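Residue numbers (this note's numbering): 135 to 387.
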């Protein structure tokens, strides 16, 4: 109950938040991490980038670490909140229903001058029908209008149209161009925003001289394949430390 999973009508989310999520396709949950947690996470991610190499950053201007919450870097549980926070799980449960699971996590660091993406949806099998995937973005640094904040098109999750447009009877969309009605999701460091993966969205260019760091966590319906083979990659010490509910969310119970 405390994770917002058992009862769909729990009080972890307000009615207004549920209505906003249904209407717009995303919800900014506000600050959920304190400054101590944030600084420890930044140090942890920076160390992981050094250990794993900077090839991704060299090629695309994006520092990236995959499978963060199940790696040795999470042996002390610092990153558990990324996939177990009650407010986050209440959103996931509202969109996907009770039968859900974690399907992947990664850390993104948009370096100065980089971060722009073409508009897209995260569910590659199509954007019609019931939502199958939810993505959460944890703001490890503040997201501003200038530093590469995610752009979203509110309500686009309800269109049933892929961002690329109708490739059969219509001209394809310029995925790098602005989209009418798009907004940038800004917020203070420690905030978390969550969105239906049918929502049109993308990263934007970091036009500052500082890093823009974020931790992503993906969830899907329990029948969907995971992007991470958790049983194969989870660190032994992380597995042994986790409780029953966390293991169930990771689909390793």
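Note that CB positions come from ideal geometry on N, CA and C, so glycine has one too. Just so we're clear, the structure is a prediction, and the values are computed from it rather than from any experiment.
According to DSSP, residue 222 shares a beta bridge with no other residue. For residue 208, the three-state secondary structure derived from DSSP is helix.
Under the 8 Å Cβ criterion, the stretch 273-291 counts as touching the stretch 339-346, having at least three qualifying pairs. Counting along the chain, the unbroken alpha helix (DSSP H) around residue 371 starts and ends at 370-375. CA-CA distance, residue 333 to residue 286, rounds to 7 Å. Pairwise C-beta distances place the stretch 161-173 in contact with the stretch 309-328, as three or more of them are shorter than 8 Å.
Judged by their CB atoms, residue 327 and residue 238 are not nearer to each other than the 8 Å cut-off. The C-alpha of residue 255 is placed about 11 Å away from the C-alpha of residue 262. Per DSSP, residue 358 lies in no beta strand (DSSP E) and is assigned neither H nor E.
A direct Cα-Cα distance of roughly 30 Å separates residue 205 from residue 278.
A residue is called buried when at least 16 other Cβ atoms come within 10 angstroms of its Cβ; residue 226 meets this threshold and is buried. Under the three-state reduction of DSSP, residue 215 is assigned to helix. Counting along the chain, residue 383 sits inside no beta strand (DSSP E); it lies in the alpha helix (DSSP H) bounded by residues 378-383. Residue 229 is positioned such that its CB atom lies no closer than 8 Å to that of residue 350.
Taking residue 142 as reference, the option from 268, 245, 387, 233 with the minimal CA-CA separation is 233.
A check of alpha carbon separations from residue 257 across 266, 273, 249 identifies 266 as the nearest. If the five residues before and after residue 276 are omitted, its C-beta is found closer than 6 Å to the C-beta atoms of 322, 323, all from its own chain and listed in chain order. By the criterion of at least three beta-carbon pairs nearer than 8 Å, the stretch 239-251 is not in contact with the stretch 377-385. The shortest CA-to-CA distance from residue 348 to any of 145, 273, 384, 158 is the one to 273. Taking the Cα positions, residue 168 is about 10 Å away from residue 174. A buried status is given to residue 297, since no fewer than 16 other beta-carbon atoms sit within 10 Å of its beta-carbon.
Taken in chain order, the unbroken stretches of beta strand (DSSP E) that lie wholly in the stretch 238-279 and span 3 residues or more are 267-273. Counting of Cβ neighbours within 10 angstroms places residue 371 among the exposed residues, the total staying below 16. Looking at the DSSP output, residue 330 sits in a beta bridge with 268. Rounded to whole angstroms, the Cβ separation of residue 269 and residue 179 is 18 Å, and the two are not in contact under 8 Å.
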